[in-house]
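Some notes on the structure that comes next.
Below is the structure:
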């Protein structure tokens, strides 16, 4: 009976640890940038630690990466309305941009991601951004493995916006929320 109790206790401890690690992973998928300060939960930082993202010119700096597994490392980005955002996209994979290219596209509110993605597939010569560009607030160029690029844009008015990778087929998986407060 003592063996059974020890096994049950060990199982309970393992389940508790596994659940705690999942919650930690979910927190790392978010980046919050407001008043030029970013808060990020990670094992190396306690929840009250601040990482300054303020440059000399008061520009809010945001970094996001994309991988060969068709994933952004962030699912949510928060900034203040009207702030100047300096966004750096890094392709952390190794594949060529013709095979596994990635970009960052910030869409205007109300844009249907699926419809936009279908139009974007036809715009290979324009980094998979439809020529009219009316549905886009800001975007980067398409990157291949090991490449990075930086863009600057003014954060739109308060609200929730979608960001995606517009490389063909990626928009269904590679997406997140750009929240402006």
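Numbering (the UniProt record's numbering), first residue to last: 1 to 181. The C-beta atom is built at its ideal place from N, Cα and C for all residues, glycine as well. Every value quoted in this text rests on a predicted model; they were computed, and no experiment measured them.
Here's the rule: buried if 16 or more other CB atoms are within 10 angstroms of the residue's CB, otherwise exposed. What is residue i?
{"i": "residue 206", "result": "The structure shown does not extend to residue 206, since the chain is modelled only from 1 to 181, so the question has no answer here."}
{"i": "residue 162", "result": "buried"}
{"i": "residue 98", "result": "exposed"}
{"i": "residue 140", "result": "buried"}
{"i": "residue 114", "result": "exposed"}
{"i": "residue 166", "result": "buried"}
{"i": "residue 101", "result": "buried"}
Name, in chain order, the residues that DSSP records as bridge partners for residue i.
{"i": "residue 193", "result": "Lying outside 1 to 181, the shown extent of the chain, residue 193 is not represented and no answer is given."}
{"i": "residue 154", "result": "84"}
{"i": "residue 159", "result": "180"}
{"i": "residue 142", "result": "The partner list for residue 142 (beta bridge, DSSP) is empty, contrary to what the question assumes."}
{"i": "residue 175", "result": "164"}
{"i": "residue 92", "result": "Paired residues: none, contrary to the question."}
Cutting at 7 Å between CB atoms, please list the residues of its own chain near residue i, excluding the five before and the five after it.
{"i": "residue 109", "result": "159, 161"}
{"i": "residue 123", "result": "129, 130, 131"}
{"i": "residue 151", "result": "87, 138, 140"}
Checking 7 Å against the spacing of the C-beta atoms, do residue i and residue j come in under that value?
{"i": "residue 142", "j": "residue 103", "result": "yes"}
{"i": "residue 93", "j": "residue 176", "result": "no"}
{"i": "residue 63", "j": "residue 88", "result": "yes"}
{"i": "residue 153", "j": "residue 85", "result": "yes"}
Skipping 5 residues on each side, what residues in its chain have a beta carbon closer than 8 Å to that of residue i?
{"i": "residue 71", "result": "173, 174"}
{"i": "residue 107", "result": "113, 116, 135, 136, 137, 161, 162, 163, 164"}
{"i": "residue 171", "result": "113, 114, 116, 117, 120, 164, 165"}
{"i": "residue 148", "result": "88, 89, 90, 91"}
{"i": "residue 69", "result": "93"}
{"i": "residue 181", "result": "34, 78, 79, 80, 81, 158"}
Can you list, in chain order, the residues of its chain with a C-beta nearer than 6 Å to that of residue i? Leave out the 5 residues immediately preceding and following it.
{"i": "residue 65", "result": "73, 90, 92"}
{"i": "residue 168", "result": "121"}
{"i": "residue 111", "result": "135"}
Fill in: At least 3 beta-carbon pairs within less than 8 Å: the region 74-84 vs the region 148-157
yes
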